[in-house]
Each structure stands twice: as C-alpha cells, then as structure tokens.
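Numbers 10 to 209, taken from this note's numbering, label the letters of the sequence shown in order.
Cβ coordinates follow ideal geometry from the N, Cα and C atoms, glycine included.
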Amino acid sequence: MDSENKWVHSSNFWVDLLRDKILSTEINRDQGRAFFLHLADLGFFESMDEELWLLKSDESVKTPEALKKFIEKRLAEAAQTEKGFVLDYFLSGAARTPNAVAEDTEKQSASESSRKKKTSGDSDKNLPAKSSDPSTLQIVKKYGRQIQSFMDLEQDMVGRLIGKHTTKSDARRIFNFVLGKMKVKAEPRPWEQLSRRRHK
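Below, the structure written as structure tokens:
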C-alpha cells in the first residue's frame, strides 16, 4: 500500500465516520467506540500510537467515498465469518434475522448448557419437600431457565468479544446493543423484579 493511500486518523475520526456514514443510527458514541475497537481486533485497524489508528488495506483507497465503500465491503465480508457474528446488527439496514446471534451462541455452548442442566436437576433432588415461601419458589422455578439461558448467552458472547483492544466493558456494550436488536429486554432482570416484590 503506497504511503499516499494510507488512512491514519484518531479513533474519534473513525468512530464518527462509522456512526455517520455506515452504522445504524441507533448507535450512541460509547457503542460506536466499542464497535470500532472490536473492528480493530478483527484486523480492520492497526494502532500506531495511543491516539492514531491505521486502516489496514492492500487496495488503493484515495477518496472519502472510496473509503466508505471499502469499509462497507470489508464489513460485509467479515459478517460472514465466525468472528464477525455481531457485525450485521450494527450495520444500517442489516438483513440478518434477529435470532442469528442467539443461534450461533447456543450451538457453541450446547454441551456446557446440557451439563449445567444435569447438575441443576441433581441439585433439585436435594431440595426440602416444603418451602417456607412457596410463592417465591414458584417464581424462581418459572424464571429459572429463562435467567440461566440469558446468563449463558451473556457470558458466552462477552467472552467471544473480548480481545486485545476490546475490554470487558466494551464487550458488554456490544452485547447490550445486540440484545436490544434481538428484542429481548435485559433490564429489569427477573431476579431484580423478584427482589423488589419481596421487599414491598
């Protein structure tokens, strides 16, 4: 890549470009920065120092319009890979089905979830025959599987997103945005609702 074609800018420049030209309008600045750092982990950008980032490309990218098209092309290609499993949710007009991320995650964690369910079932055998608070026990049973499923999804996805540049906090921002696109409410969580009811 010729030096005249290098795109080296601050992280703020790249975040603004992504949010203004490429990503969904629903994305706030913190989410945009987390997404940018995730792209760096995917090989889109290389850190030159604490503030400057180089867009990695072997192609000639000389104009702002060519830059936009190049990034869109790279995103479309990366979205088809295993590591790019959240990209479509951030793109403007993404066509991927809302359950795609959940399905990908469930496939990878199926064996672990099965083990946890078996362990939970064995533990239930040791529960007392009667509970001092049967209504609470019923609520816990009702939401137990749903809560565990959500927690497994969060743990698995956040773990997959953490990288050299993407911190755990960044990964959680990405997860929460994707969760919203999947139309699943993360707040208030069932156990938080239960806690409030018990203290009334």
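query	result
Any 3 or more C-beta pairs closer than 8 Å across the region 36-50 and the region 177-192	yes
Any 3 or more C-beta pairs closer than 8 Å across the region 16-28 and the region 55-72	yes
Inter-residue spacing [alpha-carbon to alpha-carbon] between Met-57 and Asp-165	31 Å
Leu-76 vs Ala-88 beta-carbon contact at 9 Å	no
Pairwise C-alpha distance: Arg-154 and Gly-52	37 Å
Residue interval of the beta strand (DSSP E) (run including Ser-20)	Counting along the chain, Ser-20 falls outside any beta strand (DSSP E), though it belongs to the alpha helix (DSSP H) covering 20-26.
Where Ala-49 falls, given that 16 or more other Cβ within 10 Å makes a residue buried	buried
Cutoff 7 Å; reference Ser-33; Cβ partners in own chain excluding five residues on either side	Phe-99, Leu-100, Ser-101
Span separating the alpha-carbon of Phe-184 from that of Leu-26	22 Å
Whole-angstrom C-beta distance between Glu-81 and Ile-36, which should lie under 8 Å	Rounded, the Cβ-Cβ distance is 15 Å, inconsistent with contact.
Paired residues, beta bridge with Glu-55 - DSSP	Leu-63
Anticipated Cβ contact below 8 Å, Phe-79 with Glu-68, distance rounded	6 Å
Beta carbon of Arg-169 nearer than 9 Å to that of Phe-54	no
Own chain partners of Lys-190 with C-beta closer than 6 Å, once the 5 adjacent residues on each side are dropped	Tyr-98
Strand pairing of Val-70, partner residues [DSSP]	Answer is none; Val-70 lacks a bridge partner.
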